[in-house]
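Q: Following this note's numbering, the numbering of the sequence shown begins with 87 at its first residue and continues without gaps.
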Amino acid sequence: MADEEVPRVRLTPQAAELVRKLRAAHGPLMFHQSGGCCDGSAPMCYPAGEFRTGGSDVLLAELAVEDVPETVPFWMSRSQFEVWSHTRLTVDVVPGRGSGFSLEAPEGVRFLIRSHVVEG
């Protein structure tokens with residue numbers, strides 16, 4: 087598959103299932119990934135529009151999830167994007183507690199990014 091055919095961001099089946107569950111409970115969603123360490127390096131899931139994006143953020147993808155009526159935007163801070171611009175990202179779910187600000191925190195799981203380097 088050519089690099090341009092590889093989506094910049096995708097969800098694992100487990101992450102898509104969690105998005106469906108969170109969408110049913112909270113309405114339309116969005117992701118944002120900032121830079122930094124610890125929780126700042128994990129994708130955070132919010133109700134759509136709850137996290138204010140601006141000129142310091144890049145919209146990487148509009149994720150289509152089966153049985154979710156709208157796409158889920160995935161934003162990243164521009165400084166983080168500059169570091170990761172040569173990668174494709176996969177949003178996954180792992181056991182454990184992430185940030186209390188991300189919607190999945192009470193579920194006993196957290197979203198996690200797996201990156202894949204793209205030749206170029």
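Backbone N, C-alpha and C fix where the C-beta goes; we use that ideal spot for every residue, glycine too.
(1) Please look up how many angstroms separate the CB atoms of residue 159 and residue 145, rounded, as I've assumed it's under 8 angstroms.
(2) Taking residue 107 as the reference, which of 201, 198, 193 has the closest Cα?
(3) For residue 98, collect the residues of the same chain with a Cβ closer than 8 angstroms to its Cβ; drop the 5 residues on either side in sequence, then sort them by chain order.
(4) Between the alpha carbons of residue 155 and residue 109, how many angstroms are there, rounded?
(5) Starting from the N-terminal side, write out each stretch of the beta strand (DSSP E) that is 3 residues or longer and does not extend beyond the region 112-163.
(6) For a quick check, are the C-beta atoms of residue 157 and residue 149 less than 9 angstroms apart?
(7) Using the three-state DSSP reduction, which class does residue 167 fall into: helix, strand or coil?
(8) How far does the beta strand (DSSP E) with residue 197 in it extend, from its first residue to its last?
(9) Nearest CA to the CA of residue 151: which residue from 114, 200, 189, 164?
A: To lay it out plainly:
(1) The Cβ separation is near 6 angstroms, so the contact holds.
(2) Closest in C-alpha terms to residue 107, from the list 201, 198, 193, comes 193.
(3) 176, 177, 178, 179
(4) 10 angstroms
(5) 115-119, 130-133, 143-149, 158-163
(6) In this structure, residue 149 lies closer than 9 angstroms to residue 157 by Cβ.
(7) helix
(8) 195-203
(9) 114
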